[in-house]
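So the structure is just underneath, and the comments pick up after that.
2 protein chains.
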Amino acid sequence: MFQEFVETKSLAKVLTMALYSKEDTLAMRKKLIGSSCRLFFSEEPVKIVKAQGQYLYDEKGRRYLDCISNVHHVGHCHPAVAQAAAAQMQLQNTNTRFLHDNLVQYAARLSETLPEKLQVFYFVNSGSEANDLALRLARQYSQHEDVLVLDHAYHGHLTSLIDISPYKFRKLGGQKEWVHVAPLPDTYRGLYRKEHEDAARAYADEVKCVIDEAHKKGRKIAAFFAESLPSVGGQIVLPPGYFQKVAEYVRAAGAVFVADEVQVGFGRVGRHFWGFQLQGEDFVPDIVTMGKPIGNGHPLSCVATTQEIADAFTANGVEYFNTFGGNPVSCAIGLAVLDVMEKEDLRGNATRVGEYFMKLMNDLKRKHPIIGDVRGVGLFVGIDLVKDRNLRTPAKEEADFILKRLKEEYIFMSSDGPGENVLKFKPPMCFSMDDAKLVADKIDQILSGSERKFPCLRIWRQAQTLQAGYFDYSIILNQVSC
Amino acid sequence: MFQEFVETKSLAKVLTMALYSKEDTLAMRKKLIGSSCRLFFSEEPVKIVKAQGQYLYDEKGRRYLDCISNVHHVGHCHPAVAQAAAAQMQLQNTNTRFLHDNLVQYAARLSETLPEKLQVFYFVNSGSEANDLALRLARQYSQHEDVLVLDHAYHGHLTSLIDISPYKFRKLGGQKEWVHVAPLPDTYRGLYRKEHEDAARAYADEVKCVIDEAHKKGRKIAAFFAESLPSVGGQIVLPPGYFQKVAEYVRAAGAVFVADEVQVGFGRVGRHFWGFQLQGEDFVPDIVTMGKPIGNGHPLSCVATTQEIADAFTANGVEYFNTFGGNPVSCAIGLAVLDVMEKEDLRGNATRVGEYFMKLMNDLKRKHPIIGDVRGVGLFVGIDLVKDRNLRTPAKEEADFILKRLKEEYIFMSSDGPGENVLKFKPPMCFSMDDAKLVADKIDQILSGSERKFPCLRIWRQAQTLQAGYFDYSIILNQVSC
Numbered sequence: 022m023f024q025e026f027v028e029t030k031s032l033a034k035v036l037t038m039a040l041y042s043k044e045d046t047l048a049m050r051k052k053l054i055g056s057s058c059r060l061f062f063s064e065e066p067v068k069i070v071k072a073q074g075q076y077l078y079d080e081k082g083r084r085y086l087d088c089i090s091n092v093h094h095v096g097h098c099h100p101a102v103a104q105a106a107a108a109q110m111q112l113q114n115t116n117t118r119f120l121h122d123n124l125v126q127y128a129a130r131l132s133e134t135l136p137e138k139l140q141v142f143y144f145v146n147s148g149s150e151a152n153d154l155a156l157r158l159a160r161q162y163s164q165h166e167d168v169l170v171l172d173h174a175y176h177g178h179l180t181s182l183i184d185i186s187p188y189k190f191r192k193l194g195g196q197k198e199w200v201h202v203a204p205l206p207d208t209y210r211g212l213y214r215k216e217h218e219d220a221a222r223a224y225a226d227e228v229k230c231v232i233d234e235a236h237k238k239g240r241k242i243a244a245f246f247a248e249s250l251p252s253v254g255g256q257i258v259l260p261p262g263y264f265q266k267v268a269e270y271v272r273a274a275g276a277v278f279v280a281d282e283v284q285v286g287f288g289r290v291g292r293h294f295w296g297f298q299l300q301g302e303d304f305v306p307d308i309v310t311m312g313k314p315i316g317n318g319h320p321l322s323c324v325a326t327t328q329e330i331a332d333a334f335t336a337n338g339v340e341y342f343n344t345f346g347g348n349p350v351s352c353a354i355g356l357a358v359l360d361v362m363e364k365e366d367l368r369g370n371a372t373r374v375g376e377y378f379m380k381l382m383n384d385l386k387r388k389h390p391i392i393g394d395v396r397g398v399g400l401f402v403g404i405d406l407v408k409d410r411n412l413r414t415p416a417k418e419e420a421d422f423i424l425k426r427l428k429e430e431y432i433f434m435s436s437d438g439p440g441e442n443v444l445k446f447k448p449p450m451c452f453s454m455d456d457a458k459l460v461a462d463k464i465d466q467i468l469s470g471s472e473r474k475f476p477c478l479r480i481w482r483q484a485q486t487l488q489a490g491y492f493d494y495s496i497i498l499n500q501v502s503c
Numbered sequence: 022m023f024q025e026f027v028e029t030k031s032l033a034k035v036l037t038m039a040l041y042s043k044e045d046t047l048a049m050r051k052k053l054i055g056s057s058c059r060l061f062f063s064e065e066p067v068k069i070v071k072a073q074g075q076y077l078y079d080e081k082g083r084r085y086l087d088c089i090s091n092v093h094h095v096g097h098c099h100p101a102v103a104q105a106a107a108a109q110m111q112l113q114n115t116n117t118r119f120l121h122d123n124l125v126q127y128a129a130r131l132s133e134t135l136p137e138k139l140q141v142f143y144f145v146n147s148g149s150e151a152n153d154l155a156l157r158l159a160r161q162y163s164q165h166e167d168v169l170v171l172d173h174a175y176h177g178h179l180t181s182l183i184d185i186s187p188y189k190f191r192k193l194g195g196q197k198e199w200v201h202v203a204p205l206p207d208t209y210r211g212l213y214r215k216e217h218e219d220a221a222r223a224y225a226d227e228v229k230c231v232i233d234e235a236h237k238k239g240r241k242i243a244a245f246f247a248e249s250l251p252s253v254g255g256q257i258v259l260p261p262g263y264f265q266k267v268a269e270y271v272r273a274a275g276a277v278f279v280a281d282e283v284q285v286g287f288g289r290v291g292r293h294f295w296g297f298q299l300q301g302e303d304f305v306p307d308i309v310t311m312g313k314p315i316g317n318g319h320p321l322s323c324v325a326t327t328q329e330i331a332d333a334f335t336a337n338g339v340e341y342f343n344t345f346g347g348n349p350v351s352c353a354i355g356l357a358v359l360d361v362m363e364k365e366d367l368r369g370n371a372t373r374v375g376e377y378f379m380k381l382m383n384d385l386k387r388k389h390p391i392i393g394d395v396r397g398v399g400l401f402v403g404i405d406l407v408k409d410r411n412l413r414t415p416a417k418e419e420a421d422f423i424l425k426r427l428k429e430e431y432i433f434m435s436s437d438g439p440g441e442n443v444l445k446f447k448p449p450m451c452f453s454m455d456d457a458k459l460v461a462d463k464i465d466q467i468l469s470g471s472e473r474k475f476p477c478l479r480i481w482r483q484a485q486t487l488q489a490g491y492f493d494y495s496i497i498l499n500q501v502s503c
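Going down the list, the sequences are from chains W and X. Residues in the first sequence are numbered from 22 upward in steps of one, following the working numbering. Residues in the second sequence are numbered from 22 upward in steps of one, following the working numbering.
Printed below as a string of structure tokens:
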């Protein structure tokens with residue numbers, strides 16, 4: 022029925038769906054919505070009126086391939102999810118102070134995806150609410166206050182989370198005395214790189230140093246927060262074994278290990294359900310937070326933790342009540358998302374398409390020197406663009422240009438990383454092989470064509486061709502204004 | 022169609038909706054859900070499988086009249102709301118980085134309900150997220166840190182909001198140095214009572230004193246937060262003119278006035294759309310936060326503020342992005358709720374039914390000395406139960422007993438207030454005259470019958486009958502063990 026609905030919708034019909042002209046929508050937005058809420062492609066924003074699977078449609082019926090929407094995990098407007106929501110919305114939607122099957126059924130289903138130790142759940146409405154609750158749980162359990170995070174991390178938009186997000190607090194009020202920052206284990210441009218004999222241990226030892234420094238100041242750590250795959254940090258894949266070693270140091274300090282899976286969990290990496298599982302089966306966090314994809318766009322998020330931590334939180338004698346968290350509609354949607362993931366083998370698809378896309382990108386890396394690094398797992402991929410491969414100077418302007426050009430080719434992609442130079446690939450999980458090929462082809466075309474715009478790229482290629490072995494690109498680069 | 026769906030649903034069908042037996046649901050809940058998440062009637066919790074309008078149905082098909090669910094504002098599972106959600110969920114649900122008509126249309130509709138000064142909106146997922154954002158806005162604008170709140174207030178479950186909620190922080194870690202507490206303007210049992218010549222000014226002057234004390238310590242206030250009708254504080258109706266005077270002091274201190282309308286706004290008071298409007302047309306807050314009822318159970322909340330405050334927030338140069346906040350489905354639901362409110366004249370209904378219920382409760386007050394005070398506006402009513410009218414000792418055990426008995430009569434009600442003795446009446450806005458009469462009759466019967474259980478009540482009545490004028494009930498009370 023839904024399929025029919027989408028396919029029979031003519032362009033004319035799509036057009037009539039728009040209540041205002043694009044200009045009027047934009048004018049109303051400028052007047053009525055806080056301008057801190059930014060638009061993609063702010064110079065020429067896009068109005069989306071329809072979406073399906075991995076496609077978005079604007080008010081003129083133009084179809085865009087979506088490499089951005091990790092939230093719309095099983096595909097935009099999946100009929101099974103919409104139908105589950107509609108059915109439960111007609112039936113009832115009380116809060117968790119009443120018993121309901123959906124809540125416990127959903128918790129049971131989630132528990133099957135997690136290690137045995139993580140079997141207690143709290144349902145909330147956003148990844149930010151989940152991380153804030155994780156912080157409260159950690160503090161209550163440890164009876165400590167401080168938080169240790171990785172550099173460039175982002176854990177949410179709330180007061181408490183801005184404080185533990187270097188990505189935000191460096192631009193705002195600065196670092197609070199209870200926040201400690203360890204280096205981002207970026208083996209491409211960080212302190213210890215791929216050639217290091219044991220980057221996992223070296224980066225973990227940096228965490229130990231930060232803990233020791235904090236202890237010297239009389240501070241006590243409540244929690245170590247890290248995304249299992251640092252995303253805002255530039256689509257980083259952590260060296261295996263890092264979390265195990267960090268957890269050892271963190272627990273020795275009386276703190277808990279929080280794996281933030283809000284952006285990266287829920288099967289995106291393909292071969293595992295959770296990002297932290299890439300570190301090996303011997304690693305189990307104390308708290309896992311999840312959000313964005315789990316409700317396919319519906320405000321649904323969750324905290325999973327151990328019985329011990331949950332018991333300590335209960336022992337404070339104060340109720341935790343979240344008005345909307347865990348309501349029957351949210352849980353029905355959560356269950357439908359899990360069903361679709363299984364039925365359509367979306368983890369298998371993420372593995373297959375992700376590997377293919379990585380291969381295509383690595384092919385492009387050999388051809389285009391601007392691609393300094395291609396990294397990722399499943400449908401979580403980063404393409405690190407550099408002005409020169411030796412210095413690894415972030416190619417921000419080039420990244421912006423490519424995104425703009427991709428948009429003209431009806432492909433939405435975004436960038437991230439401290440240098441804003443890493444193309445972020447995190448599409449809906451139904452992304453196909455053909456989609457991957459299309460994106461690779463378009464990037465190839467743009468990079469080839471853009472050599473006119475960014476002459477350094479051409480000179481690089483020439484230099485590469487001339488030199489078989491090591492070549493100091495920066496010598497040539499310094500002579501050219503990019 | 023929906024009407025048919027509800028009416029034709031047989032008891033058997035309702036029963037089959039339950040996946041697990043109630044015992045199994047409870048057992049799974051105990052195992053899987055953090056026990057800080059409490060159940061109503063914890064000794065004998067209720068499993069709800071269906072809801073419509075002001076009624077909830079358990080797994081055995083028993084119908085309960087709902088005086089609790091202020092969230093399900095236009096009635097549980099209103100078909101117009103469910104249909105609006107279903108339609109938009111099939112169409113698209115991108116985030117606010119893309120342009121969409123629903124967002125600006127909803128903001129425009131909300132702006133019509135607010136004073137002209139409050140025309141900039143931020144959409145979020147919960148009342149807690151709204152209050153946290155209000156705090157961030159206030160701090161950015163004022164460049165101060167501290168917060169002034171009313172005693173017994175509750176503003177949300179997040180770290181930052183627990184800190185500004187005396188209702189919570191008094192049971193947890195205590196009061197932070199940046200938090201200042203002013204007395205709750207409760208004219209029934211507070212510092213200044215109904216007989217005071219100008220309670221509004223007296224309570225406002227208390228706020229001034231707290232500000233002066235803070236200044237003496239070198240602290241600077243960023244915001245004054247208050248519910249327009251303190252609810253957790255015991256369903257308090259503030260003396261008119263209080264907010265005007267407080268705002269004067271607060272603004273003179275360089276702080277902003279935040280009206281927390283999460284529980285009490287959106288037409289619940291009937292004759293006004295917002296609770297703060299009860300204070301008079303000359304009062305306009307700097308920030309208004311809204312939540313619970315605006316999505317009829319869907320996770321949708323909002324912050325409204327002035328251009329000046331929004332501009333100051335933008336000026337920090339940092340994006341505010343809320344993944345789910347203001348998505349097209351949430352806004353479609355918000356629009357549908359506004360439509361239903363208008364179409365069904367629910368504000369008019371709140372006024373009429375609320376006045377009738379207040380009259381019935383005041384009749385009961387004359388009959389039952391346990392009712393010390395009846396206060397409220399529209400469908401926001403508190404029935405303050407006292408062990409004796411002179412001392413106004415909170416009758417907590419009696420309140421608990423009445424709630425338990427009401428449940429046996431298939432009526433859900435809750436209690437609140439510092440003494441946990443105030444019956445809270447905050448039903449869906451479609452509550453009828455007959456419903457009001459039923460609740461009043463049942464309370465009357467319970468109070469009459471409970472004189473056996475609580476003998477002091479009977480002795481009081483006898484004392485009342487004997488004494489025409491002033492009578493020191495406490496003399497008799499002290500002789501009786503309640």
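Think of the CB as a built atom: it goes at the ideal place given N, C-alpha and C, for glycine as much as any other residue. Predicted, not measured: the structure shown is a model, and the values here were computed from it.
V271(X) and N152(X) have their C-alpha atoms spaced approximately 18 Å apart.
Between Y341(X) and chain W, the shortest Cβ-Cβ separation is below 8 Å.
In the three-state scheme derived from DSSP, where H, G and I count as helix and E and B as strand, S435(W) is classed as strand.
Ranked by Cα distance from L135(X), the options T310(X), I354(X) and L444(X) are led by T310(X). Membership of V398(X) in the beta strand (DSSP E) is indicated by the continuous run I392 to V398. The beta carbons of F190(W) and V290(W) sit about 28 Å from each other, so the pair does not count as a contact at 8 Å. DSSP places H236(W) within a helical segment (H, G or I) once states are collapsed to three.
The continuous stretches of beta strand (DSSP E) do not include I185(W), and DSSP gives it neither H nor E. For K71(X), the pairing in a beta bridge is given by DSSP as Y78(X). Close CB contacts of S132(X) within its chain, under the 7 Å cut and outside five residues either way in sequence, are with Q140 (chain order). By the beta-carbon neighbour count (other beta carbons within 10 angstroms, threshold 16), M450(X) is buried. As for any alpha helix (DSSP H) of minimum length 4 sitting wholly inside the region 289 to 347 of chain W, the runs are 328 to 335, ordered along the chain. The beta carbon of H121(W) falls within 8 Å of a beta carbon belonging to chain X, placing the residue at that interface.
Within the region 96 to 121 of chain W, those residues whose Cβ lies closer than 8 Å to any Cβ of chain X are, in chain order, H97, C98, P100, V102, A103, A106, A107, M110, Q111, L112, Q113, N114, T115, N116, T117, R118, F119, L120 and H121. Among the residues of chain W, those whose CB is under 9 Å from the CB of M49(X) are D122, L124, V125, Q126, A128 and A129, following chain order.
Contact of T335(X) with chain W by beta-carbon distance below 8 Å involves G55, S56 and S57. Between the C-alpha atoms of R118(W) and L47(X) there is a straight-line separation of about 12 Å. Along the region 65 to 150 of chain W, the beta strand (DSSP E) occurs as fully enclosed runs of 3 or more residues at 69 to 73, 76 to 79, 84 to 87 and 141 to 145, listed in sequence order. The C-alpha of N114(X) is placed about 49 Å away from the C-alpha of R210(X). Taking C-beta separations shorter than 7 Å and ignoring five residues to either side along the sequence, the partners of H99(X) in its chain run N317 and V361, following chain order. The residue from W295(X), K266(X), A220(X) and I89(X) with its alpha-carbon nearest to that of E248(X) is W295(X). Per the C-alpha coordinates, the member of D307(X), A420(X), G393(X) and L444(X) positioned closest to S163(X) is D307(X). Inclusion of H178(X) and F342(W) in the CB contact set at 8 Å is warranted, their separation being smaller than that value. Per DSSP, K445(W) is one residue of the beta strand (DSSP E) stretching across V443 to F446. Taking a Cβ-Cβ threshold of 9 Å, the residues of chain X close to A72(W) are L112, Q113, N114 and T115, in chain order.
Listed by position along chain X, the residues whose Cβ is nearer than 8 Å to that of Q140(W) are K52 and L53. The CB of L40(W) comes closer than 7 Å to the CB of D122 and Q126 in chain X, given here in chain order. Around R426(X), the same chain offers I467 as residues with beta carbons nearer than 7 Å, after the five sequence neighbours per side are excluded. In this structure, V95(X) lies near V358(X), with their beta-carbon atoms less than 8 Å apart. DSSP places G403(X) in the uninterrupted beta strand (DSSP E) bounded by F401 to L406. Residue range D167 to L171 is occupied by the beta strand (DSSP E) that includes D167(W), with no alpha helix (DSSP H) assigned at that position. Contact with chain X is absent for G369(W), since none of that chain's Cβ atoms lies less than 8 Å from the residue's Cβ.
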